[in-house]
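Peer 1: Residue numbers (the numbering used here): 45 to 241. Even for Gly, the Cβ is constructed at its ideal location relative to N, Cα and C. Just so it is clear, the structure is predicted and the values come from calculations on it, not from any experiment.
#1: So for residue 46, helix, strand or coil by DSSP?
#2: Less than 8 Å between the beta carbons of residue 189 and residue 82, yes or no?
#3: By DSSP, does residue 74 sit in helix, in strand, or in coil?
#4: Please report how far the alpha carbon of residue 138 lies from the alpha carbon of residue 53, in whole angstroms.
#5: If you drop the 5 nearest sequence neighbours on each side, which residues of the same chain put their C-beta closer than 6 Å to that of residue 144?
#6: Residues in the same chain with beta-carbon distance under 6 Å from residue 196, minus the five sequence neighbours each way, listed in chain order, please.
#7: Go ahead and pull the three-state DSSP assignment for residue 205.
#8: Distance, Cα to Cα, residue 231 vs residue 91?
#9: Do you know offhand how far residue 55's Cα is from residue 184's?
#10: Taking 6 Å as the limit between beta carbons, can you name the residues of its chain near residue 220, skipping five residues before and five after?
#11: Return helix, strand or coil for residue 186, following the three-state DSSP convention.
#12: Taking C-alpha atoms, which residue in 206, 89 and 86 lies nearest to residue 26?
#13: What residues match up with residue 156 in a beta bridge as DSSP calls it?
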């Protein structure tokens, strides 16, 4: 389920301290019900998914990702842009810089920026956009907790702005629904392992 931007912007996340020049593009409920200490499992699951490549569900989603990556390679969109992936690390206040960075994301285009008990941020930058994936752990209103994902962006120039506008329908119709279903299925499949540990 998509949430209003205020579901992210009104929370006292530390990410706000370093992303004042970014726009909150999307906020989503993650189908990951759990307890107060389960955030570590969500970060682990998300990191494994990023390290293994973005996984989609269904032929349409896989085709969209395949087309996007091929176009990006052909047109040079995925080469580092004017913003490097380490840019946000340079903005961190001392306590976040000295704290846990978060998981190593391997060859993924994302790099962990920081991790806390209830939030994790990872960034990627290329010729089109500098983007942040922010994962938070929030009360669900019924005594439990759940994940929440926000995508923050700073387009690189006019081309980046046009690119973000062009891919918006594909994100909403194909990418996000498939991604959320995949996250929910994996979360449920690993539920027994979380209880044992």
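Peer 2: In brief:
#1: Position 2 of the chain shown, counted from the start, is the residue given in the question as residue 46. Here residue 46 sits in strand by DSSP.
#2: For this step, residue 189 is matched to residue 145 along the chain shown. For this step, residue 82 is matched to residue 38 along the chain shown. In this structure, the beta-carbon distance from residue 189 to residue 82 falls below 8 Å.
#3: Locating residue 74 in the chain shown gives position 30, counting from the first residue. If DSSP states are grouped into helix, strand and coil, residue 74 belongs with coil.
#4: By 1-based counting over the chain shown, the position of residue 138 is 94. By 1-based counting over the chain shown, the position of residue 53 is 9. So the alpha carbons of these two residues sit roughly 22 Å apart.
#5: To locate residue 144, count along the chain shown from 1; it is residue 100. The residues are 159.
#6: Here residue 196 refers to the residue found at position 152 of the chain shown. Taken in chain order, the residues that qualify are 63, 66, 68 and 176.
#7: By one-based count along the chain shown, residue 205 stands at place 161. It is helical.
#8: Position 187 of the chain shown, counted from the start, is the residue given in the question as residue 231. Position 47 of the chain shown, counted from the start, is the residue given in the question as residue 91. Looking at the backbone, the Cα of residue 231 and that of residue 91 are separated by about 13 Å.
#9: What you label residue 55 is simply residue 11 of the chain shown in a count that begins at 1. What you label residue 184 is simply residue 140 of the chain shown in a count that begins at 1. Between residue 55 and residue 184, the C-alpha separation is close to 14 Å.
#10: Here the question's residue 220 lines up with position 176 in the chain shown. Hits under 6 Å: none found.
#11: To locate residue 186, count along the chain shown from 1; it is residue 142. Residue state, collapsed to three classes: coil.
#12: Residue 26 lies beyond the stretch modelled for the chain, which goes from 45 to 241, so this question has no answer here.
#13: As a working note, residue 156 is residue 112 in the chain shown. Its beta-bridge partners are 166.
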